[in-house]
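Asks: Under numbering that gives the first Met the number 0, the first residue of the sequence shown is numbered 0, with each subsequent residue one higher.
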Amino acid sequence: MSKITMVQYGCGKMSVYTMRYALEKGVKIVGAFDIDESKIGKDISEIIGAKKKVGVKIDHAKNFDAFLKKVKPDVAVITTMSLIVDVEDALAICAQNGVNAITTCEEAFYPQNSNPAIFAKLDKVAKEKGCTICGSGYQDVFWGNLITTLAGATHSITKIQGKSSYNVEDYGIALARAHGAGLTTEEFDKEVASADNISPAAREKLIKNGTFMPSYMWNVNGWLCSKLGLTIKSQTQKCVPHIAKSKLHSDTLKMDIKKGQCTGMSAVVTTTTKQGITIETECVGKVYDKTEFDCNDWTIIGEPNTQVTINRPSTVELTCASCINRIPDVINAPSGYTTTEKMATNTFKVLPLEKYIK
């Protein structure tokens with residue numbers, strides 16, 4: 000086939016890499032959209048740091064629908080927000096126009112266990128229009144396929160434990176706020192932690208009406224259970240604040256976080272299954288001090304025990320590369336909202352991406 004055509008939706012920090020990686024993999028970018036007025040009209044070369052103009056200027060997001068109707072790109076890459084409710088409109092526009100879409104939205108990785116109503120709505124439209132919607136990113140490999148591959152070398156498993164940390168400064172203001180960075184402990188308890196101090200029945204009600212606030216690991220645990228063929232008995236979530244030991248500046252929040260205020264949080268998700276395997280995962284997202292760095296640490300407890308630790312992963316770049324390398328899989332996948340555990344395991348794409356289209 001000819002070059003894959005792509006449109007970028009959201010021209011912030013992540014798009015610096017998604018657009019450059021796509022171009023370097025032989026993808027033709029035909030459009031780019033954002034809501035930031037200061038970016039409208041700029042050539043995307045200014046975003047990705049290229050010396051030579053690409054010839055694609057950033058347009059306002061309000062024109063996204065009209066653009067898709069006219070141009071019909073092969074895929075849209077959406078790098079804006081972390082909750083499915085916040086990317087629903089953009090994904091719906093793609094689905095309604097029959098345009099495949101992949102997003103770095105963390106909840107979109109496996110939204111059927113946190114917002115089944117939006118998942119079902121997008122799935123229905125995408126199937127009717129013959130396109131595929133999915134979420135991908137860092138978790139696709141480092142919290143997902145890496146773990147299930149290690150499980151494939153294990154005779155028996157009683158528990159899977161995972162802990163991953165990342166600097167919210169690298170991902171923009173929406174994510175930093177979602178982690179409670181900059182809040183007082185009282186504000187954190189009220190705005191973040193209180194949502195999880197509820198009964199299982201109350202949580203299920205929130206999930207059904209689309210108001211549940213999942214941590215990233217909530218969706219990951221669902222993905223892992225689906226991939227491993229496990230049946231979930233129960234799943235709980237608890238959010239714990241991380242407190243600044245001294246004053247810390249946040250460039251993303253454009254503020255100083257005072258000693259005693261929240262730098263972010265740990266979200267612990269525990270899943271029990273009918274097969275007797277427990278999955279306990281912890282996601283630490285906060286504004287780092289000068290001594291801290293990203294870490295990804297997983298242990299499979301069983302016969303045998305296996306631990307894998309990855310220090311200082313380039314989380315932003317890995318997120319974006321995972322997303323771009325998934326583009327052929329999205330195009331090849333069945334129509335609908337197809338989560339990535341139903342696709343092939345992530346692989347390095349040595350050839351231009353159009354060479355992988357079936």
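We treat Cβ as the ideally placed atom computed from N, Cα and C, and that holds for glycine.
Quick one: any contact between the stretch 97-114 and the stretch 130-145, if contact means 3 or more CB pairs under 8 Å?
Replies: Result yes; three or more Cβ-Cβ pairs closer than 8 Å.
Asks: Give me the Cα-Cα distance between S225 and N218, rounded to the nearest whole angstrom.
Replies: So the two alpha carbons sit approximately 11 Å from each other.
Asks: Apart from the five residues on each side of it in sequence, which residues of its chain come closer than 8 Å, Cβ to Cβ, to Q260?
Replies: If we look at Q260 and ignore the five residues flanking it on each side, its Cβ neighbours are G181, L182, T183, T184, I242, A243.
Asks: Quick one: any contact between the stretch 313-323 and the stretch 154-161, if contact means 3 or more CB pairs under 8 Å?
Replies: At 8 Å Cβ cutoff, the stretches do not touch.
Asks: Whole-angstrom Cβ separation of T270 and I299, contact assumed at under 8 Å?
Replies: Contact flag wrong, Cβ pair sits at about 15 Å.
Asks: Quick check on the DSSP output: what are the complete alpha helix (DSSP H) runs of length 4 or more inside the stretch 250-331, in order along the chain?
Replies: 314-324, 326-331, all fully within the stretch 250-331.
Asks: Is DSSP giving Y170 helix, strand or coil here?
Replies: Y170: coil per DSSP, three-state reduction.
Asks: Name the one or two DSSP bridge partners that Y8 has.
Replies: Beta-bridge pairing links Y8 to F32, I77.
Asks: Tell me the DSSP bridge mates of Y165?
Replies: DSSP, once it has assigned bridges, lists G284 as partnering Y165.
Asks: Identify, in the order they occur along the chain, each residue of the same chain with its Cβ nearer than 7 Å to the Cβ of S14, setting aside the five sequence neighbours on each side.
Replies: Q7, I46, T78.
Asks: Keeping to the same chain, check which residues put their C-beta closer than 6 Å to that of P327; ignore five residues upstream and five downstream.
Replies: Counting only Cβ-Cβ distances below 6 Å, and skipping sequence neighbours, we find L352, Y355, I356.
Asks: Restricting to Cα atoms, I'd like to know which of V26, L149, I323 is closest to I297.
Replies: Checking the sequence, you will find Trp at residue 297 rather than Ile. Among V26, L149, I323, the Cα nearest to that of W297 is on L149.
Asks: Cα-Cα, which of L223, I3, E186 is closest to T272?
Replies: Nearest of L223, I3, E186 to T272, Cα basis: L223.
Asks: Can you name, in chain order, every residue of its own chain whose Cβ lies under 6 Å from the Cβ of N112, other than the five neighbours on each side?
Replies: Excluding sequence neighbours, N112 sits near G221.
Asks: What ranges does the alpha helix (DSSP H) occupy inside the stretch 92-168, keeping only unbroken runs of at least 4 residues that lie completely in it?
Replies: Complete alpha helix (DSSP H) runs here, min 4: 115-128, 145-150.
Asks: Please classify T236 as buried or exposed, where buried requires at least 16 other C-beta atoms within 10 Å of its C-beta.
Replies: For the record, residue 236 in the displayed sequence is Gln; it is not Thr. By the neighbour-count rule (16 or more Cβ atoms within 10 Å), Q236 is buried.
Asks: Quick one: what does DSSP say T183 is sitting in, helix, strand or coil?
Replies: Here T183 sits in coil by DSSP.
Asks: Between which two residues does the beta strand (DSSP E) harbouring P199 extend?
Replies: It is not in any beta strand (DSSP E) - P199 instead sits in the alpha helix (DSSP H) that spans 199-208.
Asks: How far does the alpha helix (DSSP H) with D58 in it extend, from its first residue to its last?
Replies: Element bounds for D58: not the alpha helix (DSSP H) but the beta strand (DSSP E), 57-59.
Asks: Does the Cβ of G136 have 16 or more other Cβ atoms within 10 Å, making it buried, or fewer, making it exposed?
Replies: With 16 or more other Cβ atoms within 10 Å, it is buried.
Asks: For the alpha helix (DSSP H) holding V219, just list the boundary residues, first then last.
Replies: Per DSSP, V219 belongs to the alpha helix (DSSP H) from 215-227.
Asks: In three-state terms, what does DSSP make of I3?
Replies: I3: coil per DSSP, three-state reduction.
Asks: Measure from the alpha carbon of S198 to the alpha carbon of each residue in F211, E186, E190, then state which is nearest.
Replies: Of the candidates F211, E186, E190, the one whose C-alpha sits nearest the C-alpha of S198 is F211.
Asks: Quick check on S14: does DSSP put it in helix, strand or coil?
Replies: It is helical.
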